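Under my numbering, think of the first position of the sequence shown as 25, with each following residue one higher. Heads up, the beta-carbon is just placed ideally off N, CA and C, and yes, glycines get one too. Here the structure is a predicted model, which means the values were calculated and not measured. Here's the structure we're looking at; comments come further down.
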Amino acid sequence: MRDSSEQRTRLADLRRRWWALLALAVALLAAGTAALRAFWPADRVVGWAGLAAAALLFQLVLLRRNLARNYRPGEADLPLLADMGPANLVTLGRGLAIAACAGFLAAPLPLEGLLAWAPALLYALGVLPDFLDGALARATHRVTVLGGILDMEYDSLAMLIVSLLAVRLGKVPAWYISLGLARYLFVAGLWLRQRRGLPICELPPSNTRRLAAGFQMGFFCVALCPIFGPPATTIAGILFVAPILLGFVRDWLVVSAALRPTTPAYRRLRQARAAVWAWLPPLLRALGGGAALLMLAPAFWRAAGSGPAGWTAGLGAALTVLGAGSLLLGAGTRLGAIGLLIAVCVALARDGFQPWHAVLLAATIPLLYTGAGKAALWRREDALFERRLGE
Numbered sequence: 025m026r027d028s029s030e031q032r033t034r035l036a037d038l039r040r041r042w043w044a045l046l047a048l049a050v051a052l053l054a055a056g057t058a059a060l061r062a063f064w065p066a067d068r069v070v071g072w073a074g075l076a077a078a079a080l081l082f083q084l085v086l087l088r089r090n091l092a093r094n095y096r097p098g099e100a101d102l103p104l105l106a107d108m109g110p111a112n113l114v115t116l117g118r119g120l121a122i123a124a125c126a127g128f129l130a131a132p133l134p135l136e137g138l139l140a141w142a143p144a145l146l147y148a149l150g151v152l153p154d155f156l157d158g159a160l161a162r163a164t165h166r167v168t169v170l171g172g173i174l175d176m177e178y179d180s181l182a183m184l185i186v187s188l189l190a191v192r193l194g195k196v197p198a199w200y201i202s203l204g205l206a207r208y209l210f211v212a213g214l215w216l217r218q219r220r221g222l223p224i225c226e227l228p229p230s231n232t233r234r235l236a237a238g239f240q241m242g243f244f245c246v247a248l249c250p251i252f253g254p255p256a257t258t259i260a261g262i263l264f265v266a267p268i269l270l271g272f273v274r275d276w277l278v279v280s281a282a283l284r285p286t287t288p289a290y291r292r293l294r295q296a297r298a299a300v301w302a303w304l305p306p307l308l309r310a311l312g313g314g315a316a317l318l319m320l321a322p323a324f325w326r327a328a329g330s331g332p333a334g335w336t337a338g339l340g341a342a343l344t345v346l347g348a349g350s351l352l353l354g355a356g357t358r359l360g361a362i363g364l365l366i367a368v369c370v371a372l373a374r375d376g377f378q379p380w381h382a383v384l385l386a387a388t389i390p391l392l393y394t395g396a397g398k399a400a401l402w403r404r405e406d407a408l409f410e411r412r413l414g415e
């Protein structure tokens with residue numbers, strides 16, 4: 025059983041660490057404000073500081089309110105862990121980058137010079153370690169209830185901020201903000217159902233939610249770069265966001281008891297989805313691989329040569345051939361699709377948007393979710409995407 029005196033001592037220690045984190049956050053916020061004064065007018069700097077401070081305050085209040093949950097799942101009766109652990113510190117570091125990214129909602133447009141790259145860099149620093157903090161927690165046996173809360177809330181905050189920022193920078197249409205609001209609306213809907221005494225059903229486990237969120241994060245890391253813009257970012261954004269928004273609709277139907285996993289209707293829905301994911305991928309593989317070999321590879325080969333520009337074209341050509349071969353054979357399809365998407369990004373940066381780029385985006389992005397489907401030679405890479413890092 026938990027010793028109350030030891031519990032109070034450890035909670036007091038955690039609160040002292042919280043004050044130290046608060047002091048560090050204030051110092052970093054002041055440093056960022058001072059640095060931006062050399063580039064922006066005073067009102068924009070104040071706007072950046074205000075929005076970054078609001079995001080930091082939300083995170084710090086969330087942390088403070090949940091310090092008493094710094095224990096491993098199933099160990100609520102044991103004393104709290106004495107410190108936050110390395111994984112939670114990584115998560116808190118992510119939060120600082122997310123807050124700095126939020127400040128750019130007040131930035132003067134268009135962003136110029138090195139500052140034009142700052143939103144993409146800050147967002148990447150805020151989300152890419154998301155693949156590491158969970159693995160670090162499992163490796164150090166420090167998976168905690170606190171860490172789970174922070175991870176989920178920080179991810180939701182980052183999605184809200186980046187969707188607003190992508191819209192403001194003109195990367196995606198205004199309706200894309202629905203992505204950032206989706207989880208908050210979902211939680212609010214659950215709260216209203218609970219208040220009204222309506223049933224709330226448990227969601228079945230799904231790997232699709234984690235995959236879709238991870239791919240969406242990767243899209244934003246690329247789309248925020250100043251060298252990319254519509255219509256390429258709009259097309260890719262729609263293809264990446266559709267599975268997430270459809271997933272929220274499906275999940276709401278399940279938790280609200282409108283669609284029960286045990287009913288024949290739900291089983292038929294899953295069977296229909298399985299059939300689509302089995303037979304649509306071969307068509308997409310043929311379309312994407314053929315388009316890459318007929319249109320993307322020749323464009324690279326013509327530009328290949330000596331010097332950095334030629335080497336870039338040569339790299340793009342190699343990725344195109346390997347990716348197209350992977351798709352056509354159904355061998356490592358998801359990895360091949362990623363290789364082709366990198367090649368498309370290189371082509372976009374070099375030559376600007378071409379209509380057939382849309383064909384490649386439409387063929388390769390869905391394959392990230394579905395995998396190779398039928399008539400595939402090798403699908404062992406699916407385990408890399410369906411298993412969390414460190415498991």
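{"Query": "Where R297 falls, given that 16 or more other Cβ within 10 Å makes a residue buried", "Result": "exposed"}
{"Query": "CA nearest to the CA of R309, picked from A163, P390 and A282", "Result": "P390"}
{"Query": "Cutoff 7 angstroms; reference A289; Cβ partners in own chain excluding five residues on either side", "Result": "L283"}
{"Query": "Those residues which DSSP pairs with A355 across a bridge", "Result": "W402"}
{"Query": "The stretch 269–283 contacting the stretch 241–257, beta-carbon criterion three pairs below 8 angstroms", "Result": "no"}
{"Query": "Where I268 falls, given that 16 or more other Cβ within 10 Å makes a residue buried", "Result": "buried"}
{"Query": "Which of helix, strand or coil DSSP assigns to R39", "Result": "helix"}
{"Query": "Short Cβ contact (8 angstroms threshold) for R387 with G340", "Result": "First, the amino acid is wrong: residue 387 is Ala here, not Arg. No, the pair does not count as a contact, with Cβ atoms beyond the cut-off."}
{"Query": "Buried or exposed (CB count within 10 angstroms, at least 16 for buried), G137", "Result": "exposed"}
{"Query": "Reference L320, options G242, G376 and R40, closest by Cα", "Result": "G376"}
{"Query": "C-alpha gap between G356 and T394, whole angstroms", "Result": "12 angstroms"}
{"Query": "8 angstroms Cβ shell around L203 - same chain, five flanking residues per side excluded", "Result": "M183, S187, Q240, V265, I268 and L269"}
{"Query": "Counted within 10 angstroms of its Cβ, other Cβ atoms place F79 as buried (16 or more) or exposed", "Result": "Per the sequence presented here, residue 79 reads as Ala, with Phe not at that position. So A79 ends up on the buried side."}
{"Query": "Through-space distance from L216 to L209, alpha-carbon basis", "Result": "10 angstroms"}
{"Query": "Delimiting residues of the alpha helix (DSSP H) encompassing S187", "Result": "V169 to R192"}
{"Query": "Buried or exposed (CB count within 10 angstroms, at least 16 for buried), S230", "Result": "exposed"}
{"Query": "Simplified DSSP assignment, three categories, for A62", "Result": "coil"}
{"Query": "Contacting residues, own chain, Cβ-Cβ under 6 angstroms from V416 (five flanking each side not counted)", "Result": "Outside the shown range of the chain, which is 25 to 415, sits residue 416, and nothing can be said about it."}
{"Query": "Top-ranked residue by Cα proximity to Y200, from F244, A106, R404 and V368", "Result": "F244"}
{"Query": "Range of the contiguous alpha helix (DSSP H) that encloses F239", "Result": "T232 to A247"}
{"Query": "Nearest neighbour of W72, chosen from F82, L53, L86 and A92 [CA to CA]", "Result": "L53"}
{"Query": "Three-state secondary structure (DSSP) of T33", "Result": "helix"}
{"Query": "Close Cβ partners of A400 (< 6 angstroms) along its chain, the five nearest in sequence each way excluded", "Result": "G354"}
{"Query": "Best match in R234, T344, L35 and L263 for proximity to Y95 [C-alpha to C-alpha]", "Result": "L35"}
{"Query": "Outcome for V223 when other beta-carbon atoms lying within 10 angstroms are tallied against a minimum of 16", "Result": "Checking the sequence, you will find Pro at residue 223 rather than Val. By the neighbour-count rule (16 or more Cβ atoms within 10 Å), P223 is not buried but exposed."}
{"Query": "Assigned secondary structure, F377 (DSSP; H/G/I helix, E/B strand, else coil)", "Result": "coil"}
{"Query": "V167 beta carbon less than 8 angstroms from that of A161", "Result": "yes"}
{"Query": "Continuous alpha helix (DSSP H) assignments of at least 4 residues falling wholly in the stretch 290–347", "Result": "321–327"}
{"Query": "At least 3 beta-carbon pairs within less than 8 angstroms: the stretch 145–153 vs the stretch 96–111", "Result": "no"}
{"Query": "Three-way DSSP call (helix, strand, coil) for T164 in this model", "Result": "coil"}
{"Query": "Contact between the stretch 57–77 and the stretch 126–140 (3+ Cβ pairs under 8 angstroms)", "Result": "yes"}
{"Query": "Limits of the alpha helix (DSSP H) - the one that N112 falls within", "Result": "G109 to G127"}
{"Query": "Buried versus exposed, by CB contacts within 10 Å (16 or more), S29", "Result": "exposed"}
{"Query": "Anticipated Cβ contact below 8 angstroms, L174 with T115, distance rounded", "Result": "5 angstroms"}
{"Query": "Candidates R68, G119 and I362: closest to L87 by CA position", "Result": "G119"}
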